[in-house]
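Student:
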Amino acid sequence: MLKITISGVRGRVDEGLTPETVLDFARAFGTYLKGGKVVVGCDTRASGEYLKGIVFSGLLSCGCNVIDLGIATTPTVGIMTKHLKAKGGIVITASHNPNPWNGLKFISSDGLFLVPLEFEKMVKIYENKKFSERDKGTVAKFNHANRIHIDKVAKAIKRPRRRFTVVVDSCNGAGSVITPLLLKKLGCKVIAINTNMKLPFPHGPEPTPHNLKELSAAVIKNKADIGFAQDPDADRLSIVTSGGRAISEEYTVALCALYVRPKKIVINLSTSSLVDEVAAKINARVFRTKIGEIHVASEMKKIKAEIGGEGNGGVIYPKVGMNRDSLAGIGIILALLSESGKSIDQIVGELTEYFLAKDKLECQTVADAEKILEKTKEIFRNEKTDSTDGIKVYLKEGWIHLRASNTEPILRIFCEAKNEAQAQELLLGIKSKLL
Ligand code: MG
C-alpha cells in the first residue's frame, strides 16, 4: 500500500512504493516547482541509494538542478533548502517506519514542508501524469550541510558551561555522524552508540522507551548526565535520564519550552497537558493545531511562536529551522541543564507525570468513522470539547482525543491522565460507549 498524507508518501519498497511511483512523484515535484534548484538528502535505509537515483532522474527530466547532500537528517534538508535558496527539497526517508519501508518528504523554499494546498496541487500533477520536460538539469554534491546545521544550533543557544557526559543513540540512522559532531562542538564528552549507517536499524526505529534499553544501560555504565535517542531521520528526540530511565517523548517539547521561555508555544491537539503545565509556570500561551508537522509549523510562522512541536519528541525551534529537529532539541536540553544547574532527573521530577493510553477503532468506511465522531460529540455535549482535529474531550480525570486516520478507515483514540490506571479507564470507558 502507498500511503499519501500531508507528511509525504510512504510505502514498502517495490510494493507500495514502486520505482515508477518514486519517479512520477519526483517528476510531479519538479513540474510543480517549474525547474530550479532542489536539495535532496536521504536517511540510511538500504534502499536509499537506489531511490535517490530514481528521484534524481525524475527531477533532472523536469530541468531541476539537484544539490545532493548524501545522507542527511530531515531537518538538515529543510535548513539547507532555505540556506541555499533552493526552490524545494526532497528527503528520502520513511521516518520511524521499519527498514523495508521508504518514502519521500517534500519541502518548499522556506524550509517548511509543503502546506496542504501546495501538496494537493503536486499530487494532482502526479495523478494526471502531465509532467514538464525541460532542458535537462545538473547534479552537484554539497558537503558542508552538517557543519551549517551544527553552527545554527550552537548559535541559537547558550553554550553549556559544564562538560556534560552524553550518550547518544542514533539508531544507525541519518543522525549518526552529525549528532556526535554537534555534541563535541557543545563541549560534551560523547559516547555514541548505534552509529553504523550500513546496518539500519539495530532496534525498533521509534524512539519510544521500550526501544531504548541499550541506551539506558549505556547511560548508567558511563555515569552519563543524559542520554538522547533519535529516529532514523533525526527529527524526533527522546531522553534517558542520568538514572537510566527512558522518559516519554512527550517530555521533549515541554522541557525545551522551559529553557526557551516563549511567549507563544504551538503544539498539536494530542500533545500532553504537560506542555500546558510548563506554559503556566513560564507564562506562555499555548496554541493547538491539527496533528502533523506542517500544521504546527505553519501556525508557528503565522503567529511568530518562539518554539513548538509535537508530543512524539519533535521540537521546532525557528532560530535553527522550521522542521522538527532533534539536534536543536539536544542543544536546548543541554543549555537547560547548564542554566538551571539541575540534573535532568531533578527537572523531570519537578513536573507532573502524565500517562497516555492509545488504541484504534476499525471502521468499515470513512463515513462510519465520521458517524462515530458525531456520536462522541453527542455523548459529551455537556463537556468542554475541541474539534480542531476529530474531537477532544476535557474531563476532570484527563482528556480523550478521537481522530480519523488520513489513510485508513480507522479512528485513533488517545487518553491522558495522571496515572496509568485512570488513562486505561478512560480508554475502556470511551470504547464501551462507542461499540
Ligand atoms: Mg522521523
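Per the numbering used here, residue 1 is the first one in the sequence shown, and the count goes up by one each step.
We put the CB at the ideal spot given by N, CA and C, even for glycine.
Is it a yes or a no for the region 332-350 touching the region 254-261, going by three-plus beta-carbon pairs under 8 Å?
Tutor: Yes, the region 332-350 is in contact with the region 254-261.
Student: Ignore the nearest five residues each way along the sequence and tell me which others in Ser108's own chain have a CB closer than 7 Å to its CB.
Tutor: One-based indexing of the sequence shown puts residue 108 at position 108. The residues are Gly88, Leu114, Glu118.
Student: Locate the beta strand (DSSP E) running through Thr385, then write down its first and last residues.
Tutor: The residue given as residue 385 occupies position 385 in the sequence shown. Run containing Thr385: 384-386, per the beta strand (DSSP E) assignment.
Student: My parser needs the alpha helix (DSSP H) runs of 4 or more residues fully inside the region 231-292; what are they?
Tutor: Correct list: 250-260, 274-282.
Student: Counting only runs of 3+ residues fully inside the region 86-168, write out the beta strand (DSSP E) ranges in chain order.
Tutor: Counting only runs of 3 or more, we get 88-92, 101-108, 139-141.
Student: In chain order, what residues of the same chain have a beta carbon less than 7 Å from the beta carbon of Asn172, not counting five sequence neighbours either side?
Tutor: As a working note, residue 172 is residue 172 in the sequence shown. Correct list, in chain order: Thr44, Asn194, Thr195, Asn196, Met197, Leu199, Pro200, Phe201, Pro202.
Student: Does the Cβ of Arg236 lie closer than 8 Å to at least one heavy atom of the ligand GDP?
Tutor: Here the bound small molecules are the ligand MG; the ligand GDP is not part of this structure.
Student: So is Gln346 buried or exposed if we call it buried at 16+ other beta carbons inside 10 Å?
Tutor: Along the sequence shown, read from residue 1 onward, the residue named residue 346 stands at position 346. Flag for Gln346 reads exposed.
Student: Going by DSSP, which residues form a beta bridge with Phe355?
Tutor: As a first step, residue 355 must be located in the sequence shown, where it is residue number 355. Paired residue(s): Ala417.
Student: So, is Lys158 buried or exposed, given that buried needs 16 or more other C-beta atoms within 10 angstroms?
Tutor: Within the sequence shown, the letter at position 158 stands for residue 158. Looking at its Cβ environment, which holds fewer than 16 other Cβ atoms inside 10 Å, Lys158 is exposed.
Student: Which residue spans inside the region 9-56 form an unbroken beta strand (DSSP E) run of at least 3?
Tutor: Taking only runs of at least 3 residues, the beta strand (DSSP E) segments lying wholly in the region 9-56 are 36-42.
Student: Shortest alpha-carbon distance to Leu182 belongs to which of Glu353, Ile54, Asn146, Glu214?
Tutor: As a working mapping, residue 182 is identified with position 182 in the sequence shown. Closest option to Leu182, Cα to Cα, is Asn146.
Student: Alpha carbon to alpha carbon, how far is Leu69 from Lys141? Give it in angstroms, no decimals.
Tutor: Numbered from 1 along the sequence shown, position 141 holds the residue referred to as residue 141. Numbered from 1 along the sequence shown, position 69 holds the residue referred to as residue 69. The straight-line gap from Cα to Cα measures roughly 6 Å.
Student: From Ala46 to Ile391, what distance separates their C-alpha atoms?
Tutor: In the sequence shown, residue 46 corresponds to position 46, counting from 1. In the sequence shown, residue 391 corresponds to position 391, counting from 1. Rounded to the nearest angstrom, the two C-alpha atoms are 39 Å apart.
Student: Pick from Pro318, Met322, Asn283, Ala279: whose alpha carbon is nearest that of Ile294?
Tutor: To locate residue 294, count along the sequence shown from 1; it is residue 294. Of the candidates Pro318, Met322, Asn283, Ala279, the one whose C-alpha sits nearest the C-alpha of Ile294 is Met322.
Student: According to DSSP, which residues form a beta bridge with Phe5?
Tutor: Counting from one through the sequence shown, the residue named residue 5 turns up at place 5. Correcting the residue identity first, residue 5 is Thr in this sequence and not Phe. DSSP output for Thr5 lists Gly8 as bridge partner(s).
Student: Find out if the Cβ-Cβ distance for the pair Glu249, Pro207 is shorter than 9 Å.
Tutor: As a position in the sequence shown, residue 249 is number 249, starting the count at 1. As a position in the sequence shown, residue 207 is number 207, starting the count at 1. Cβ atoms of Glu249 and Pro207: closer than 9 Å.
Student: Tell me the rounded alpha-carbon separation between Lys360 and Leu411.
Tutor: What you label residue 360 is simply residue 360 of the sequence shown in a count that begins at 1. What you label residue 411 is simply residue 411 of the sequence shown in a count that begins at 1. Distance between the alpha carbons of Lys360 and Leu411 is about 5 Å.
Student: Suppose you measure from the CA of Ser170 to the CA of Pro180; what does that come to, to the nearest Å?
Tutor: Residue 170 sits at position 170 when you count from the first residue of the sequence shown. Residue 180 sits at position 180 when you count from the first residue of the sequence shown. So the alpha carbons of these two residues sit roughly 9 Å apart.
Student: Taking 8 Å as the cut-off, does the CB of Pro98 come closer than this to any heavy atom belonging to the ligand MG?
Tutor: Counted from its first residue, the sequence shown places residue 98 at position 98. Outside the cutoff, so no.
Student: Enumerate in chain order the residues of its own chain whose CB-to-CB distance from Pro75 is below 8 Å, with the five nearest sequence positions on each side excluded.
Tutor: The count along the sequence shown starts at 1 and reaches residue 75 at position 75. Cβ neighbours of Pro75 beyond the five flanking positions: His149, Ala234, Asp235, Val320, Gly321, Asn323, Arg324, Asp325, Ser326, Leu327, Ala328.
Student: Just to check my reading of the structure: Pro100 and Val13 have Cβ atoms closer than 8 Å, yes? What is that Cβ distance to the nearest angstrom?
Tutor: Here residue 100 corresponds to residue number 100 of the sequence shown, with the count starting at 1. Here residue 13 corresponds to residue number 13 of the sequence shown, with the count starting at 1. Pro100 to Val13, Cβ: 6 Å. Contact.
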